[in-house]
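Numbering (my numbering), first residue to last: 76 to 564.
No residue lacks a Cβ here, since even glycine has one placed at the ideal position from N, Cα and C.
Put into structure tokens, the structure is as follows:
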């Protein structure tokens, strides 16, 4: 019998089972669903007590061992890959908890190269990809559309890798200046950046068109690396375990005491990770905090999973998302792994952009998760208050979570410990810091970006973006064949 946690099935139930490697390389399942572990390991109190002394990388290693399996990546090799993934992080703990006034705990997930939480999961994902590619002597081309953070984290995680090229499309003028420079200043030959004259929805079109050509995708070994990739959700589960162990009052009690984790989110990847951790036996209570793009809040409150009229631009720009892909994983999990219910829901949503959750599923969701939607005004007030009380700068996305904490503490002192996840550093969002009436603090590494050379190919209005993308992919494949042939000689 194979150990549990090895096989992955689609949330829509119409795709063959795959192992971790299959889920890693595919993104979406062939039936349009998302991959989830067929069985979730249940963690005993004893196991949780043992894990409680582990570092953040130690927790990632334990979780990855459970969900990848030693027959795919031997334990010592896996440990090496994860150490390598975190080797460029600026903080020795990799993830750090700041304990601030009035019971405010902020879990800093932003000590990676690009100052955002995506570094954590993408660095691991890139190491796993590279491991399997080297074993098979294969090359892939990763294509990423970004609204800001994913692109730079993906570039940093694969730059210089010999079995991977990466193509990033960024929306010219729609990212912050820092986000753009983090992408255009990486001058490695396996990094190809395009500046698109359009917004992030428009630049998704040529990417969708290329991926719709199945033969082309196969021929050139294309893959995407957005937040639906299972490996990213897997690594993000560690945030919740680390938050719990850092904040729990005591682990000597039976049952273990709960901790509330406040998750600011857009595409719901961190939330899906929390729901899985909860299902495995971690005693956390989840609060999801969103900005004015409130589809998740409406879903939790009223069971109303429907697209709003228009995307609102907010200070928490990385969470300006209309379709939170990973909610599909949560619907599947909370409906008792019911792929028929999930498929029907998601197909209706894809057809009509609006669906009402079945009563039973809605009550499961509102039982598992509380939610809040936060305005730009509340974001800037929270940033200002946190600075005043602690001399601590929050990024606007972290402020969405902390705003919930402040709102709750006005009403009553916290009955259980609460931990707010902080997905990015304030250093990346000087515009929002200024909007809160505060002074940005810019680290030397970010200031240095200004004087670096940049490389970025424009995709102008009127150009055929799909053709440009296809040509770039073909050129990369030709070069790869060239390298391969010269290696044979």
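{"Check": "Assuming the contact rule is C-beta atoms closer than 8 Å, residue 338 and residue 310 should be a hit. Round their C-beta distance to whole Å, please.", "Outcome": "Residue 338 to residue 310, Cβ: 15 Å. No contact."}
{"Check": "Check each candidate in 527, 399, 101 and 442 and name the one with the smallest Cα separation from residue 409.", "Outcome": "442"}
{"Check": "By the DSSP assignment, the beta strand (DSSP E) with residue 387 in it spans what residues?", "Outcome": "That residue, residue 387, is in no beta strand (DSSP E); it is neither H nor E in DSSP."}
{"Check": "Please classify residue 202 as buried or exposed, where buried requires at least 16 neighbouring CB atoms within 10 angstroms.", "Outcome": "buried"}
{"Check": "Could you give the DSSP three-state label for residue 78: helix, strand or coil?", "Outcome": "Model confidence at residue 78 stands at a pLDDT of 48, short of 50, so the residue's coordinates are unreliable; what they give is reported in the following sentence. Three-state result, residue 78: coil."}
{"Check": "Ordered along the chain, which non-local residues of its own chain (more than five positions away) have a Cβ less than 6 Å from that of residue 163?", "Outcome": "188"}
{"Check": "Return helix, strand or coil for residue 97, following the three-state DSSP convention.", "Outcome": "helix"}
{"Check": "Please go through the same chain and pick out, in chain order, the residues whose beta-carbon is closer than 7 Å to the beta-carbon of residue 216, but skip the five residues on each side of it.", "Outcome": "240, 242, 295, 296, 297, 548 and 551"}
{"Check": "Short of 6 Å in beta carbon distance, which residues of its chain neighbour residue 79, apart from the five on each side in sequence? Order them along the chain.", "Outcome": "Interpretation of residue 79 is limited by its pLDDT of 45, a score under 50 that renders its predicted location unreliable; the figure taken from the coordinates is listed afterwards. These residues qualify, in order along the chain: 114 and 116."}
{"Check": "Have a look at residue 91 and residue 504 and give me their C-alpha separation to the nearest angstrom.", "Outcome": "43 Å"}
{"Check": "Mind the definition here: the stretch 513–521 touches the stretch 192–208 only if three or more C-beta pairs lie below 8 Å; say whether that holds.", "Outcome": "no"}
{"Check": "Indicate whether residue 366 and residue 397 have their beta-carbon atoms separated by less than 8 Å.", "Outcome": "no"}
{"Check": "Between the alpha carbons of residue 195 and residue 315, how many angstroms are there, rounded?", "Outcome": "13 Å"}
{"Check": "Is the separation between the beta-carbon of residue 323 and that of residue 492 shorter than 8 Å?", "Outcome": "yes"}
{"Check": "What residue from 237, 221 and 192 has the CA that sits closest to residue 209's CA?", "Outcome": "237"}
{"Check": "Which one of 159, 110 and 96 has the shortest CA to CA distance from residue 143?", "Outcome": "96"}
{"Check": "Which of helix, strand or coil does DSSP assign to residue 225?", "Outcome": "helix"}
{"Check": "Please state whether DSSP places residue 405 in a helix, a strand or coil.", "Outcome": "helix"}
{"Check": "What's the C-alpha gap between residue 445 and residue 542?", "Outcome": "45 Å"}
{"Check": "Determine, using beta-carbon pairs with one atom in the stretch 148–165 and one in the stretch 467–478, whether at least three such pairs fall under 8 Å.", "Outcome": "no"}
{"Check": "Starting from residue 171, follow its DSSP beta bridges and name the residues at the other end.", "Outcome": "183"}
{"Check": "Look at the alpha carbon of residue 287 and the alpha carbon of residue 426, and state the distance between them as a whole number of angstroms.", "Outcome": "18 Å"}
{"Check": "Quick check: what's the CA-CA separation for residue 478 versus residue 456?", "Outcome": "8 Å"}
{"Check": "In this structure, does DSSP put residue 83 in helix, strand or coil?", "Outcome": "strand"}
{"Check": "Would you mind sorting residue 77 into buried or exposed? The rule is 16 or more other CB atoms within 10 Å of its CB.", "Outcome": "Below a pLDDT of 50, predicted positions are generally treated as unreliable, and residue 77, at 48, falls in that range; no measurement from the model is reported."}
{"Check": "Along the chain, where does the beta strand (DSSP E) containing residue 220 start, and where does it finish?", "Outcome": "215–220"}
{"Check": "If you follow the beta strand (DSSP E) that residue 339 is in, where does it begin and where does it stop?", "Outcome": "334–339"}
{"Check": "Tell me whether residue 312 sits in a helix, a strand or coil according to DSSP, three-state version.", "Outcome": "helix"}
{"Check": "By Cβ distance, which residues of its chain are closer than 7 Å to residue 176, with the 5 residues on each side in sequence left out?", "Outcome": "464 and 465"}
{"Check": "State the DSSP-derived secondary structure class of residue 133, mapped to helix, strand or coil.", "Outcome": "helix"}
{"Check": "Is residue 324 helix, strand or coil when you go by DSSP?", "Outcome": "coil"}
{"Check": "Is residue 85 closer than 8 Å to residue 118 when the C-beta atoms are compared?", "Outcome": "no"}
{"Check": "Does residue 402 pass the burial test, meaning 16 or more other C-beta atoms within 10 Å, or should it be called exposed?", "Outcome": "buried"}
{"Check": "Whether or not the stretch 178–186 and the stretch 493–501 are in contact is what I'm after, with contact meaning three or more pairs of Cβ atoms, one per stretch, closer than 8 Å; do they touch?", "Outcome": "yes"}
{"Check": "Quick test of the definition: if touching needs 3 or more C-beta pairs under 8 Å, does the stretch 375–392 touch the stretch 324–331?", "Outcome": "no"}
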